[in-house]
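Going line by line, the protein sequences match chains A and B.
Its first residue numbered 128, the first sequence is counted upward by one per residue in our numbering.
Its first residue numbered 128, the second sequence is counted upward by one per residue in our numbering.
Here a beta-carbon is modelled for each residue, glycine too, at the ideal position from N, C-alpha and C.
Values in this document were obtained by computation on a predicted structure and should not be read as measured data.
Accompanying notes for the structure given below.
2 protein chains.
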Amino acid sequence: EVDLSNIATLELWNKIRKDCESVDTSSIQRSFVNHVYSTLARTPYNLDEFGAYQAAAHSVRDQLIHKWISTQQHFTRSNPKRVYYLSLEFLMGRTMQNCVINMDMEEAYSKALREMGLAFETLYDQETDAALGNGGLGRLAACYMDSLATLDYPALGYGLRYTYGIFEQRIRNGEDQVEYPDYWLRFTNPWEVARVDVAYPVGFYGSVHNDSAGRAGQPGQPAARWEPAEFVQAVAYDVPIPGYDTDTVLNIRLWSSKPQRQFDLSSFNDGEYEKSVAEKQRAENITSVLYPNDNTPAGKELRLKQQYFFVCATLQDILRRFSKLNLPWSELPNKVGIQLNDTHPSLGIVELQRVLVDEHGLEWDIAWALVQRVYAYTNHTVLPEALECWPVSLMERLLPRHMRIIFDINLYFLRSVEQRFPGDYERLRRMSIIEEGHQQMVRMAYLAVVGSHTVNGVARIHSDLVRSKLFRDFAEFYGDDKFVNITNGITPRRWLHVANPQLSALITKRLGSNRWLKDLTELSRLKAFADDEDFQQEWRQVKRTRKESLAEYIQKHVDTAGEGPVNSEALFDVQVKRIHEYKRQLMNILGVVHRYLRIKEASAEERRDIVPRVFIFGGKAAPGYHTAKLIIKLINRVKNVINADPDAELRKLIRVVYIPNYSVTLAERIIPASDISEHISTAGTEASGTSNMKFVLNGGLLIGTRDGANVEIAEHIGGWDLAFEFGAKAEEVDDLRNKVRYLRPEIHPAFRRVVEAIKSGQFGDSSPFVNMLDRLVSDGDYYLITVDFPSYPEAQERVDAAYKDQKKWTRMSIENCAGMGFFSADRSVQDYAKKIWGINPCPPPPSK
Amino acid sequence: EVDLSNIATLELWNKIRKDCESVDTSSIQRSFVNHVYSTLARTPYNLDEFGAYQAAAHSVRDQLIHKWISTQQHFTRSNPKRVYYLSLEFLMGRTMQNCVINMDMEEAYSKALREMGLAFETLYDQETDAALGNGGLGRLAACYMDSLATLDYPALGYGLRYTYGIFEQRIRNGEDQVEYPDYWLRFTNPWEVARVDVAYPVGFYGSVHNDSAGRAGQPGQPAARWEPAEFVQAVAYDVPIPGYDTDTVLNIRLWSSKPQRQFDLSSFNDGEYEKSVAEKQRAENITSVLYPNDNTPAGKELRLKQQYFFVCATLQDILRRFSKLNLPWSELPNKVGIQLNDTHPSLGIVELQRVLVDEHGLEWDIAWALVQRVYAYTNHTVLPEALECWPVSLMERLLPRHMRIIFDINLYFLRSVEQRFPGDYERLRRMSIIEEGHQQMVRMAYLAVVGSHTVNGVARIHSDLVRSKLFRDFAEFYGDDKFVNITNGITPRRWLHVANPQLSALITKRLGSNRWLKDLTELSRLKAFADDEDFQQEWRQVKRTRKESLAEYIQKHVDTAGEGPVNSEALFDVQVKRIHEYKRQLMNILGVVHRYLRIKEASAEERRDIVPRVFIFGGKAAPGYHTAKLIIKLINRVKNVINADPDAELRKLIRVVYIPNYSVTLAERIIPASDISEHISTAGTEASGTSNMKFVLNGGLLIGTRDGANVEIAEHIGGWDLAFEFGAKAEEVDDLRNKVRYLRPEIHPAFRRVVEAIKSGQFGDSSPFVNMLDRLVSDGDYYLITVDFPSYPEAQERVDAAYKDQKKWTRMSIENCAGMGFFSADRSVQDYAKKIWGINPCPPPPSK
């Protein structure tokens with residue numbers, strides 16, 4: 128619509144754009160002042176810190192968007208195969224600092240704002256986390272986007288823009304979790320671009336009609352036409368993701384549900400105006416809430432609506448982009464790769480098949496072959512209770528056409544299985560996408576396996592279990608090659624450089640460059656300095672600084688009921704993650720009680736030998752997860768008693784802290800301060816874990832089981848001698864479960880004693896806990912706490928012993944960090960690009 | 128928080144701000160391009176007209192806000208008495224064009240964008256109306272804000288930011304109104320500033336406690352303390368209002384309801400997380416919908432919630448501003464005047480009394496005297512069914528403390544009445560704020576009268592009725608002086624200069640300057656040219672241009688079922704306004720039928736004498752107002768038959784158009800094209816009307832009753848000879864109503880014939896209309912259609928006769944326009960300022 132026929136016009140546009148992109152001091156100042164006045168309608172006289180943050184954020188955003196536009200234009204021109212990363216969660220945390228660091232503008236902003244009477248760095252804390260995820264899965268997606276951008280991959284993230292992110296956790300009466308809505312969009316969000324021009328209709332309910340006229344181009348075959356009864360609109364909000372040390376800025380497109388402008392007339396009868404408005408408001412509810420579940424599928428219709436809303440809008444967007452290329456459908460897999468981050472978006476498989484067959488008239492088999500070449504699926508759990516299933520009856524009502532397509536996919540799939548294994552009906556029953564039972568269910572994981580060309584687990588041990596246990600029948604049918612491993616990784620930019628600038632600077636100084644930030648294997652060169660006295664001292668000094676800073680935060684922001692400051696000389700022992708039985712925070716707190724009882728009875732002399740510890744807990748429990756909430760209560764009860772113990776000498780040796788509302792931003796504060804962190808899940812239950820990587824990267828040691836990424840971390844740092852291992856191994860777990868269930872082995876006296884202490888009322892009324900504790904010693908110890916407990920305090924004693932020798936400890940710490948090169952998310956996404964997606968970097972052209 | 132201690136820092140701020148404020152071509156271009164890229168994330172290659180509008184709007188907004196900040200700072204420094212205009216409706220229409228014209232930047236933008244390959248003026252049509260009002264009352268508020276800004280009055284508007292404005296009307300099946308939600312905020316709104324820093328809690332429900340400790344400073348008196356059970360937050364959105372030809376930019380502060388960050392813990396029991404989120408969403412619903420009612424109070428709890436939400440937030444804001452002055456409470460009326468635009472905000476009276484007594488410990492009588500000196504109330508209707516009443520039971524539940532205060536106000540008031548009229552219990556019953564009956568009701572109009580120092584009507588005849596009928600008892604008690612008249616006015620900037628640039632240019636040319644835009648009485652000088660041949664020709668040419676343009680719009684945007692273009696040579700006869708029985712669109716369409724029947728039976732020779740007419744209807748009916756919707760159906764039925772009459776010659780003489788979705792923007796298009804407009808309400812029912820003023824200002828003549836502002840318009844233009852008057856007079860109406868009700872006078876044959884034609888099925892199945900028509904000739908003719916009908920076609924004949932003499936008609940048209948000086952909203956607000964508010968202009972200091 129802009130008339131660019133005149134060359135002078137185009138030159139004018141380009142000239143002004145160039146002006147706008149400059150980031151010299153006066154340009155930054157002009158942009159900042161303009162946002163103070165025009166965007167915020169404020170003045171220097173009434174500009175508080177939050178206002179200053181907003182203005183700065185808008186100014187940074189402007190720069191970000193210029194680069195983002197250039198990247199998108201470059202991709203369009205280069206037209207490479209792209210990968211689309213579909214994730215119902217993106218746990219982004221804060222943006223501003225990450226942005227200016229990745230774009231190398233921190234100093235420029237700092238200088239520009241200093242001249243205006245403001246300290247730029249103090250504004251970071253004004254930002255609210257974007258917390259559109261529950262835990263590891265969502266944070267992984269965020270790390271991967273950072274790496275994809277840094278490595279210039281042509282990738283695009285897709286997700287949902289929840290009005291309410293993960294709930295805010297507070298602790299009521301000093302012991303119970305209580306949830307508050309996280310209304311993060313109350314203020315305008317500078318880190319997104321509302322794309323009112325990008326909107327798609329999404330239908331629900333309705334009926335399927337067979338079109339006797341036949342399918343387009345295939346007169347013989349009946350065509351099915353879905354007529355949804357209800358429509359909402361998906362509107363795009365784009366979140367730019369800048370790479371580090373590159374001009375590439377990728378995009379995460381988040382969908383927000385809005386009422387349709389055009390909609391069903393039938394709801395508009397006389398006098399029903401207000402009712403109709405209310406209906407439209409319900410449309411907005413689809414993307415209202417992030418389901419606060421971790422590893423437990425929510426059996427909610429609205430959740431299924433979210434999932435379909437997500438894939439329907441996303442596929443329309445992906446196919447619109449493909450259709451602009453004017454290529455035949457056979458080219459689709461050469462231009463489009465879609466990665467399913469867990470099963471939540473796996474309805475996308477069905478939706479693509481539907482669109483190709485019903486809307487574009489492709490033959491079933493041709494369409495299905497394309498679908499399988501487009502999709503790949505990442506499995507994140509082998510916990511049986513966490514595998515997503517949906518009732519057929521619900522799916523039939525909400526998505527009648529999709530349900531029929533699933534039945535057809537299943538039919539053709541089982542036929543081919545039967546050809547390979549004739550007469551093995553038990554196998555067919557096991558492998559069916561439809562679970563028969565008192566209620567027919569759709570097994571989303573099976574659908575994802577059948578509709579993808581590749582399935583990956585997220586750590587070696589997990590991928591082995593995926594292949595050999597969870598999908599064994601499928602591996603037998605498709606061959607092992609379909610099942611691969613890509614060990615998770617984390618971005619060293621956020622998790623070391625931004626979170627721990629002191630350590631980052633020390634490493635850069637020692638290695639002579641910051642190249643390690645783009646090639647984390649460079650860290651291995653630190654091993655040479657592991658025993659260097661000066662380096663050790665500096666290393667310890669960094670840790671001390673970070674521990675003091677965390678102690679200060681706890682003093683200021685955590686309700687410590689006047690218990691006085693935390694001793695930052697003590698060993699900081701941290702377990703922060705979602706609260707879940709399989710992660711065994713319960714075992715940790717029972718271990719704390721065990722230690723407390725021992726200290727209590729120790730003589731003054733014995734006490735002198737004890738390493739003072741601060742046990743730091745943090746994490747949220749899904750609001751409906753009763754046992755997890757009980758564990759939080761127990762942790763806090765124990766904390767309250769220990770911290771208030773009348774014995775002042777004892778209180779110097781043991782202290783417990785519960786930091787409420789664990790978040791990405793809190794993780795950035797807590798992780799650098801940890802001496803030892805706990806990753807103590809029952810072997811075979813934690814798929815990978817990524818916080819373990821973050822702790823080690825920041826020079827913290829691990830105590831843990833041989834589970835998830837712990838196994839590979841131990842290998843890379845130089846073996847289990849450099850970490851603290853205990854507990855059953857994954858291959859023993861099945862057998863042990865049967866044993867505790869049916870044979871009831873003797874319970875270790877130390878464990879009994881701890882349980883008795885709690886039951887005795889030493890930590891307040893024990894009635895809420897009795898059931899939970901009794902189940903552990905009868906047939907309810909599914910996660911083998913009683914089995915692993917004896918070896919757990921023993922491992923902790925090894926930790927104490929090691930800590931006493933600070934030189935040895937520091938050497939271990941340095942060697943731990945030095946071994947982390949493998950765990951960069953950069954390596955992970957390169958693995959994905961090569962092994963699964965078949966895409967190449969598409970770096971920006973050198974700027975003129 | 129900004130460190131301005133260094134003089135260099137302050138100078139830097141000032142220098143950059145000055146840069147940002149410049150509106151030379153290259154500054155505009157830079158600002159525009161920056162918004163294209165950074166705000167919209169677009170490029171010149173994908174910038175459609177809507178995108179270009181958005182970028183231009185943001186650029187204009189930036190300029191607007193600079194001036195707005197300066198105005199607010201100036202007011203703060205000058206500290207004059209301010210007036211607060213409280214209105215639940217502001218019918219703003221579009222903003223951009225009005226803005227650049229008022230700020231004299233249209234040419235600059237036009238030039239700057241032309242160089243960039245864009246036509247600025249074509250972007251105006253991309254803007255969605257801000258339609259936060261139903262009709263005249265809301266548009267009046269918008270006009271007054273324009274005038275207050277133009278005259279530099281220290282005023283502030285307060286209203287609600289409805290998510291859905293007045294519904295979008297479409298016509299279904301060619302005849303029925305159907306309502307669609309007006310989701311005007313789907314795109315970001317550049318004309319508002321979200322003030323996340325300005326937010327107040329608003330409580331509902333709960334209970335009242337008597338504090339035995341006594342009231343602050345008054346140990347004897349019991350203090351009442353309201354403890355609301357539910358809280359929501361009111362967040363401010365500011366809408367800057369630029370004056371014409373001045374740097375003053377006023378503010379309308381609109382409140383939006385949001386969930387509280389802190390809220391009642393009790394709703395947060397285990398597992399109720401999702402329920403709680405849903406509850407928070409309900410908080411947002413308070414400002415979700417503008418009640419689509421016109422002159423009928425909605426008996427909805429949510430509506431009462433809206434009203435209290437509005438006044439509670441507004442008073443907190445006003446009192447916060449007052450408290451900054453550190454003055455004693457006795458100064459309140461010297462700094463604060465509050466105008467209630469109708470009774471909708473009259474809970475503000477109770478709220479102020481509550482805050483003064485309960486929260487600040489003032490004595491009841493002292494507080495009440497202050498309240499009365501602060502408030503003034505504008506009455507907008509004398510229709511009994513339109514007077515707002517609320518059930519005591521509802522008010523008691525929603526606002527328990529306020530209900531008790533109302534009872535107390537009433538008690539003290541009635542005591543003083545009884546002192547003046549001892550023993551006149553009938554009078555007490557009549558004047559009581561509480562209406563006794565099968566359900567106790569609060570009479571909001573009485574509350575408004577008792578709590579205000581001045582009550583005004585909006586046209587002379589209406590103010591007379593207010594004093595002599597509606598509030599007669601109150602006038603007897605308080606004296607006549609409390610009841611004044613301020614005849615409504617309209618802003619000539621929007622309603623002539625912006626809406627009709629051709630006529631504006633002609634007037635400016637003839638008067639030799641555009642001073643008339645700030646002093647509308649200048650128009651009287653046009654009278655001298657009323658017979659000037661050249662001027663007449665130009666005058667007619669303007670009207671012709673505007674009629675052609677409307678005909679084109681109709682052809683393009685109104686479903687004319689292939690009836691061909693409207694003949695723009697015909698006389699355009701317009702009735703556009705809310706559809707309501709008292710406004711008598713029914714009489715108009717019956718008149719159309721009458722004319723149609725006459726033309727049908729006229730001979731070819733007789734037909735030659737007939738003036739061709741296009742009857743143009745437009746307007747919305749409240750969705751629940753059955754009869755009004757029936758009238759729309761009848762208009763369209765008649766339209767469909769007449770326009771499809773097989774007699775092509777007849778179709779040249781009469782044509783009916785229904786323009787759907789009447790709005791401010793459509794009014795700006797329709798009004799300049801009118802030859803005659805209809806203002807035919809039953810005498811005594813229309814308070815003022817303002818569209819009558821708009822039509823006449825644009826050189827259209829009136830046909831009307833002696834009602835509302837018609838009376839004064841006729842006086843000012845030089846008497847009823849210059850307009851077309853008919854029908855009963857207000858003082859006859861009561862008597863006539865009794866007559867038609869009890870005596871059933873003979874119905875005029877012309878009327879009978881029209882009704883019979885409809886009943887015969889000539890306009891399709893008549894069954895929907897039979898009841899409505901039969902009621903007119905039995906006891907249901909409350910609005911006296913049968914009484915006025917005979918004189919109505921007769922008046923239309925006078926219109927025809929006048930129109931045939933185009934010179935005479937043009938003279939009348941010029942004289943009409945020339946007489947409109949009195950009806951400028953500038954005069955109205957000056958009247959308010961002098962007679963009611965006691966405020967003075969506070970012009971901006973001369974710029975350096």
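Residue from the options whose Cα sits closest to the Cα of residue i
i	options	result
B:Asp659	B:Ser940, B:Leu429 and B:Thr375	B:Ser940
A:Tyr289	A:Leu467, A:Asn461 and A:Leu215	A:Leu215
A:Val838	A:Asp591, A:Gly746, A:Arg637 and A:Asp915	A:Asp591
A:Ile706	A:Glu805, A:Ala836 and A:Val685	A:Glu805
A:Val362	A:Gln443, A:Asp600, A:Gly846 and A:Tyr959	A:Gln443
Segment limits, beta strand (DSSP E) that includes residue i
i	result
B:Leu442	Element bounds for B:Leu442: not the beta strand (DSSP E) but the alpha helix (DSSP H), Glu428 to Ser450.
B:Ser651	Looking at the DSSP string, B:Ser651 is not in any beta strand (DSSP E), and its letter there is neither H nor E.
A:Ala697	Careful: A:Ala697 lies outside any beta strand (DSSP E) and carries neither H nor E.
B:Leu594	First, the amino acid is wrong: residue 594 of chain B is Arg here, not Leu. Neither: B:Arg594 is in no beta strand (DSSP E) and is coded neither H nor E.
B:Arg209	Arg209 to Leu213
B:Pro460	From DSSP, B:Pro460 is part of no beta strand (DSSP E) but of the alpha helix (DSSP H) over Leu459 to Lys462.
B:Asp324	Val320 to Phe331
Residue i to residue j span [Cα, whole Å]
i	j	result
B:Lys142	B:Ser154	15 Å
A:Gln279	A:Phe202	First, the residue type needs correcting, since residue 279 of chain A is Asp and not Gln in the sequence shown. A:Asp279 and A:Phe202: Cα-Cα distance of roughly 10 Å.
A:His162	A:Ala184	9 Å
B:Ala922	B:Tyr680	29 Å
A:Tyr291	A:Leu312	8 Å
B:Lys821	B:Leu829	11 Å
A:Tyr435	B:Ser818	50 Å
B:Asp700	B:Glu859	28 Å
A:Glu553	A:Asp600	11 Å
A:Leu713	A:Ile885	13 Å
Any non-hydrogen atom of the ligand COA closer than 7 Å to residue i Cβ
i	result
B:Ala276	With respect to small molecules bound, the structure shown includes none, and the ligand COA cannot be examined in it.
8 Å CB neighbourhood of residue i in its chain, flanking five on each side removed
i	result
B:Asn770	Thr687, Ala688, Glu690, Arg778, Arg782 and Val783
B:Leu757	Pro895, Phe896 and Met899
Sequence-distant residues of its chain with Cβ nearer than 6 Å to residue i (five each side left out)
i	result
A:Ser579	Tyr502, Ala503 and Tyr504
_Tell me which residues of the stretch 295–318 of chain A have at least one Cβ-Cβ distance to chain B shorter than 8 Å, keeping chain order._
Arg299, Val305, Glu306, Tyr307, Pro308, Tyr310, Arg313, Phe314 and Thr315
* Using a Cβ-Cβ cut-off of less than 9 Å, give me the residues of the stretch 468–482 of chain B that come near chain A, in sequence order. => none
message = Closer than 9 Å between beta carbons: that is the criterion. Which residues of the stretch 758–791 of chain B meet it against chain A?
response = none
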